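In full-length UniProt numbering, the protein residues as written are 1 to 383.
Here it is, written out as structure tokens:
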């Protein structure tokens, strides 16, 4: 073999090895890219969001309206308007006819006989494209309710099924229907924050696996658009998520809880299973509550009491707040205490009026968004 032939053979081998090495490197690089693109825990550059920020309300703190109280330069405490003697547990409670005769009640919806179409409307109202990421599942053969899993997620999940009779219903552990179509919805936001890419990916994978097992076709909304909508919805909710606290604090002597209980019951509040006093609508929905200021269980006495008003979750709005502030002031007068905000500033009429004006603004924002306080949508979002 000549030197030319030997050199050509070596050069050819080198070229073949280089081509093989280049192909292997390209394949390895693409495989790594694909793994990164589809990894559940790897954020998408286009969809990357901040970590969930738990709202103050959800973490047990209270977020009050940002107000500038109207008080004199030298704040003057509102003195009790009632001449209340030294309070003893066994004393008779003075009458508060204005509270007992004119309680505020939120108008209840007219109850009508539930018909089949009403059941379907109620079922379909459980999902809302503006509040939920909804996956549509189309089955070739009817799927029994027992085969539909309870998709686990950190957000609210609701599954609707189209029965063979052509009616939509909520699919639950008690359902026994068979469905040709299903809708699985994952809520976009709640008080724990907005839906994240990781949570959405996990939900989509679970739905896709279920569909594959039943040879069904599933369609998803555009994920990037829904994640953006979730962030926008969460920002809006955070801007109106207000829990108002009106505090009645002692001037020195602890409040006797027996006297507080008698007043609360005459004012229309009832003690619940949680040990707290709640003022409820005729349908049983809590409008505001009375708790210990330090969040401890009620005992024989209290150093301070707090009326809580969860703004977005309460229907009735301003009339309920007005009634709450009236009752809080009357309790402060009865116990010879002070009505103050969370910073200890006296709540004079001007301060209450400022809070009321801000509530008007919050309610207007919620109405513009189509989320009425105390509505099903509000109860879902502020949970």
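Beta carbons: idealized from backbone N, C-alpha and C, even for Gly. All of these numbers come straight from a predicted model, not from anything done at the bench.
Positions of the beta strand (DSSP E) runs, each at least 3 residues long and wholly inside the UniProt domain "ZipA C-terminal FtsZ-binding" (240-359), are given as 243-249, 277-280, 286-292, 304-310, 338-340 in order along the chain. Here DSSP, grouped into helix, strand and coil, assigns residue 378 to helix. The C-beta of residue 169 has 16 or more other C-beta atoms within 10 Å across all chains shown, which makes the residue buried.
The beta carbons of residue 356 and residue 318 sit closer together than 8 Å. With 16 or more neighbouring CB atoms inside 10 Å of its own CB, residue 190 falls in the buried class. Residue 314 counts as buried, since no fewer than 16 other beta carbons sit within 10 angstroms of its beta carbon. Here residue 371 is buried, its C-beta having at least 16 other C-beta atoms within 10 Å.
In this structure, residue 277 and residue 289 form a Cβ contact; the two beta carbons are roughly 7 Å apart against a cut-off of 8 Å.
Beta-bridge partners assigned by DSSP to residue 143: 179. Residue pairing from DSSP places residue 162 in a beta bridge opposite 168, 181. Annotated three-state conformation of residue 370 is coil, per DSSP.
By the neighbour-count definition (other C-beta atoms within 10 Å, threshold 16), residue 310 is a buried residue. If you draw a straight line from the Cα of residue 182 to the Cα of residue 126, it is about 13 Å long. By the Cβ neighbour-count rule, residue 171 is buried, with 16 or more other Cβ atoms within 10 Å of its own. In the DSSP assignment, residue 130 is bridged to no other residue. Partner residues in the beta bridge of residue 186, as assigned by DSSP, are 133, 157. Our two residues, residue 321 and residue 157, have alpha carbons roughly 33 Å apart in a direct line. Looking from the CA of residue 147, the closest CA among 302, 161, 380 belongs to 161. 335 is the residue among 335, 235, 237, 205 whose C-alpha sits nearest the C-alpha of residue 261. Less than 8 Å separates the beta-carbon of residue 155 from that of residue 199. Using a Cβ distance threshold of 8 Å, residue 248 and residue 364 do not count as a contacting pair.
Membership of residue 207 in the alpha helix (DSSP H) is indicated by the continuous run 197-213. Put simply, the backbone Cα of residue 347 is about 11 Å away from that of residue 245. A check of alpha carbon separations from residue 263 across 233, 332, 237 identifies 332 as the nearest.
Here residue 132 is buried: its Cβ has 16 or more other Cβ atoms, across all protein chains shown, within 10 Å.
Contact check for residue 140 against residue 213 fails: the beta carbons are separated by 8 Å or more.
If you draw a straight line from the Cα of residue 375 to the Cα of residue 238, it comes to about 17 Å. Membership of residue 219 in the beta strand (DSSP E) is indicated by the continuous run 217-219.
If you check the CB distance, residue 163 and residue 178 come in under 8 Å. In this structure, 338 is the residue among 273, 338, 286, 326 with its C-alpha nearest to the C-alpha of residue 305.
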